[in-house]
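To keep things clear, I will list the structure first and then write my remarks on it.
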Amino acid sequence: MDDPIQTYDFIRAIIDAKSDEIVGLAVPQGDRMTLSKGKSKFVYLLSLLLIMGPWHFFRSSFLTLFHKFKKKLSKYKLCKDPTIKAYAESKGIPTLEITTPNSKKFREHLETLNLDVIINQSQNIIKKDLLQIPRIGVLYRHNALLPKNRGRLTPFWVLYNGDKETGVSIHFVEEGIDSGDIIVQEKFNVLPGDNFNTVVSK
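FYI, in the working numbering the residues of the sequence shown are 47 to 248.
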C-alpha cells in the first residue's frame, strides 16, 4: 500500500533493523483512501476533514499528492524514487507489486518461501488461507491499546470516549478485525489539550 504518511517510517525501521532476515516486500494496490465496496469516499474524506481539522487535512492531502508527483517524476529519472518499494530494493530486498494479499497467485508465491512471519500493514482483511502460511503467524501494528478501539480512525474514538491513555499494539492477525493475541503494547497518556493529530503523532 502506497502510504508515505502513516506506514513508510514503520516499514523503513523494520528494513533497517532486519534487512538480512527479510525475504521480500509486497506492495498491494491502493492507499488509505481505498474503501470497501458500498462505502462512499466522499463521506470518508468529509469525516477526515471534520476530525482532523482543515490545516492537518490539507497538509496530509498535499503530502500524499506530492509523494505521487515525485513517484511519477522518478520514472523519468528527474528525482529519487520516494516509494518504500524503492527503499527496500536499495537494501537488496526483493519486491513485488500485487493486487491484494489474498490473491491466489501471491499466496502460491509465499508458500515457496518457508516463512516464519508475515508483517501486514495493508488495509486488507487477511483471509484464513494466507494466515496459515507463516510458521509463527501474521503480525499487524494497530494504533490503539487493543482490545479497545478496533478498526479505523482510532485516535478519534480515543478522544470521543474520553480515554486517559492510548498507545500502539503489535498483535497476531486472525480472521476477526484486530482481534488476535497481543504481543506487545506501548502506552502513552492522552493529555487534556490533545486532538486527533497530536494523538496520531505520538
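Ideal placement from N, C-alpha and C gives every residue a C-beta, glycine not left out.
Treat the numbers as computed from the prediction; the structure is a model and nothing was measured.
C-beta atoms of residue i and residue j nearer than 8 Å
| i | j | result |
| --- | --- | --- |
| V73 | K131 | yes |
| N195 | H102 | no |
| I179 | L161 | yes |
| V245 | V214 | no |
| V219 | L185 | yes |
| I57 | Q169 | no |
| G109 | P147 | Before going further, note that residue 109 is Leu rather than Gly in the sequence given. Result no, Cβ atoms of L109 and P147 do not sit closer than 8 Å. |
Alpha carbon of residue i to alpha carbon of residue j, nearest angstrom
| i | j | result |
| --- | --- | --- |
| G197 | T129 | 26 Å |
| L124 | S149 | 34 Å |
| Q52 | M98 | 14 Å |
| K233 | T212 | 6 Å |
| L119 | K210 | 44 Å |
| H155 | V89 | 37 Å |
| P140 | Y206 | 42 Å |
| L92 | G239 | 23 Å |
| L159 | V69 | 8 Å |
| I60 | K137 | 12 Å |
| K151 | N241 | 42 Å |
| E67 | Y133 | 16 Å |
| N20 | S247 | Residue 20 cannot be examined here, being either before or after the span of the chain that is shown, 47 to 248. |
| L94 | G226 | 27 Å |
| K174 | L71 | 20 Å |
| P100 | E157 | 45 Å |
| E143 | E135 | 12 Å |
Nearest-angstrom beta carbon gap, residue j and residue i [assumed within contact, 8 Å]
| i | j | result |
| --- | --- | --- |
| I216 | R187 | 6 Å |
| I223 | I171 | 7 Å |
| D127 | K114 | That pair is no contact at about 12 Å. |
Residue i, buried or exposed, once every other Cβ within 10 Å from all chains shown has been counted against 16
| i | result |
| --- | --- |
| F250 | With the chain covering only 47 through 248, there is no way to say anything about residue 250. |
| T145 | exposed |
| G183 | buried |
| F202 | buried |
| I164 | buried |
| D55 | exposed |
| A63 | exposed |
| P50 | buried |
Unbroken alpha helix (DSSP H) run spanning residue i, endpoints
| i | result |
| --- | --- |
| I61 | 54-64 |
| T200 | 200-206 |
| L91 | 87-98 |
| Y133 | 130-136 |
| V69 | Counting along the chain, V69 falls outside any alpha helix (DSSP H), and DSSP gives it neither H nor E. |
| T141 | Note, T141: premise wrong, no alpha helix (DSSP H); beta strand (DSSP E) at 141-144. |
| L243 | For the sequence presented, residue 243 should be read as Asn rather than Leu. N243 -> alpha helix (DSSP H) spans 242-247. |
| D175 | 174-177 |
| E154 | 150-157 |
CB contact check: residue i to chain C, cutoff 8 Å
| i | result |
| --- | --- |
| A59 | The chain labelled as chain C is not found in the depicted structure, where only one protein chain is given. |
Limits of the beta strand (DSSP E) - the one that residue i falls within
| i | result |
| --- | --- |
| S215 | 211-218 |
| K233 | 228-235 |
| D187 | This sequence places Arg at residue 187; Asp is not what is there. First-last of the beta strand (DSSP E) with R187: 183-188. |
| I165 | 163-166 |
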